[in-house]
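Residues in the sequence shown are numbered from 4 upward in steps of one, following this note's numbering.
For glycine and all other residues, C-beta sits at the position ideal for the given N, C-alpha and C.
Please read these numbers as outputs of a predicted model, since none were measured by experiment.
Inspection log for the structure reproduced underneath, given as structure tokens.
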Amino acid sequence: MEYVDTGRKLEVCSVYPKEVDASQNQISIFASLATALLCCSCDTRTSLPTPFGSVNVRINQLIDQPESAGDFPR
Numbered sequence: 004m005e006y007v008d009t010g011r012k013l014e015v016c017s018v019y020p021k022e023v024d025a026s027q028n029q030i031s032i033f034a035s036l037a038t039a040l041l042c043c044s045c046d047t048r049t050s051l052p053t054p055f056g057s058v059n060v061r062i063n064q065l066i067d068q069p070e071s072a073g074d075f076p077r
């Protein structure tokens, strides 16, 4: 994703809570960012809530969405 106001890009991966490794930019599937991104697709612009106010982001790319392909590994 890309922060619209600054152009800063960030790649995150949502994982199950026990698998989170912040050093690898992994976030819990229950984190507010992850839940806000669930319904997004490429080139979506959305406002995400943060503790400091909303930020505007653009989704540049969705690298892997196994569930959308019907792959439910657990």
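Would you mind stating whether residue i and residue j have Cβ atoms separated by less than 8 Å?
i	j	result
residue 7	residue 30	no
residue 4	residue 63	yes
residue 32	residue 17	yes
Between the Cα of residue i and the Cα atoms of the options, which residue gives the shortest distance?
i	options	result
residue 21	34, 66, 56 and 47	34
residue 67	49, 54, 41 and 9	41
residue 10	56, 54, 65 and 48	48
Contact check, residue i vs residue j under 8 Å by CB: the rounded distance?
i	j	result
residue 51	residue 39	5 Å
Spatial neighbours of residue i within its chain, please: C-beta separation below 7 Å, excluding the five flanking residues on both sides.
i	result
residue 23	29, 30 and 31
residue 57	50 and 51
residue 19	32
Based on DSSP bridge pairs, tell me the residues matched to residue i.
i	result
residue 56	53
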